[in-house]
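Quick note: the sequence shown, position 146, residue 217 per our numbering, numbers continuous.
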Amino acid sequence: MPAPKEASNALKIETLKLVKKWHQKFAFAYPKLNYTVQFLRSSKSFNFEEADAQLEAERVRAEEAQQRLEARGRRCLELVTNQMNEKRDDIERCIHEARNALELLVPKFVDPNDSVADCPSESSFPTTNVSSLRKDAEQEVLHAYTDIDTISVVIPSKLPSIKRTDANEPIIGTLVDTLKLLRFYEKFIAKSLKKLVSFGGRYMEKTIKELVELKGRVTLEIERCDELKVEGLAKKLD
Numbered sequence: 072m073p074a075p076k077e078a079s080n081a082l083k084i085e086t087l088k089l090v091k092k093w094h095q096k097f098a099f100a101y102p103k104l105n106y107t108v109q110f111l112r113s114s115k116s117f118n119f120e121e122a123d124a125q126l127e128a129e130r131v132r133a134e135e136a137q138q139r140l141e142a143r144g145r146r147c148l149e150l151v152t153n154q155m156n157e158k159r160d161d162i163e164r165c166i167h168e169a170r171n172a173l174e175l176l177v178p179k180f181v182d183p184n185d186s187v188a189d190c191p192s193e194s195s196f197p198t199t200n201v202s203s204l205r206k207d208a209e210q211e212v213l214h215a216y217t218d219i220d221t222i223s224v225v226i227p228s229k230l231p232s233i234k235r236t237d238a239n240e241p242i243i244g245t246l247v248d249t250l251k252l253l254r255f256y257e258k259f260i261a262k263s264l265k266k267l268v269s270f271g272g273r274y275m276e277k278t279i280k281e282l283v284e285l286k287g288r289v290t291l292e293i294e295r296c297d298e299l300k301v302e303g304l305a306k307k308l309d
């Protein structure tokens, strides 16, 4: 083996390990491979049994390292679970408070429960007589369009803008405090997820899924608050 001696010994050991693994996997398909292993076992130039012992020691060390990693992961999972159980109710409260504050500042004017049946039908409109149809036709010719033409009207979209008043000041104050808490909880959940993902393991899948869903709800409310333009809100959040 090439010098230095330490390197040659390490290379020899790794070679014996490779032959050992090869023999374990493919000996049944290559009968002649057994002769090679028998030769190495009987050779005085190689310590084949020492290679077996080192392989077993490495396997044991790998198993122990995996067990220690899993134990650390379970301790981390227990810690994160306890922390989330303590904070979950407050997180849910912040989500609902932010949603209620937004609905008070920007009320919905369309009732989602309204059905199509509530809309006026064609029979409720007055009947058009022949003279009015003739007049409409003249207007179409005059303005150079007919009833089959498509006219696009572009209306610029503007985000809701709220002016601070004495009436909505308490609501805005509540929204500011709630938004600060939501930002804190968003970072806290993200940090907890990062810890769990670093360990991995199927025993964490349920908790990770729950945290991802909760973080998505928190992020959604933060985005809704950020879209709302409230006078002086940015200064209060800084």
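In this text, a Cβ means the ideal position worked out from N, Cα and C, and glycines have one as well.
Query	Result
Is the beta carbon of A172 sitting closer than 8 Å to the one on T249?	yes
How close, in whole Å, do the beta carbons of N239 and L176 come, if the pair is a contact with beta carbons under 8 Å?	6 Å
Does chain C have any CB closer than 8 Å to the CB of K300?	Note that chain C does not occur in the displayed structure, where there is just one protein chain.
Using the three-state DSSP reduction, which class does K234 fall into: helix, strand or coil?	coil
What number of angstroms, rounded off, separates the C-alpha of R254 from the C-alpha of E141?	31 Å
Are three or more beta carbon pairs between the segment 145-152 and the segment 270-279 nearer than 8 Å?	yes
For my contact list, T236 and E257 are in at a C-beta cut-off of 8 Å; report their separation, rounded to the angstrom.	About 30 Å separates the two Cβ atoms, so there is no contact after all.
Within this structure, are the beta carbons of E292 and A169 separated by less than 8 Å?	yes
Looking at L89: is its Cβ nearer than 8 Å to the Cβ of A98?	no
Distance check for F270 and R130, CA to CA, integer angstroms please.	20 Å
So, for R288: in the same chain, excluding its five sequence neighbours on each side, which residues have a beta-carbon less than 8 Å away from its beta-carbon?	I166
In the DSSP assignment, find the alpha helix (DSSP H) that holds R254 and state where it starts and stops.	E240 to F270
Using 8 Å as the threshold, is the C-beta distance between I162 and L285 below it?	yes
Once the 5 residues before and after P75 are set aside, which same chain residues still bring their CB inside 6 Å of it?	none
Between Y101 and F110, what straight-line distance do the alpha-carbon atoms span, to the nearest angstrom?	15 Å
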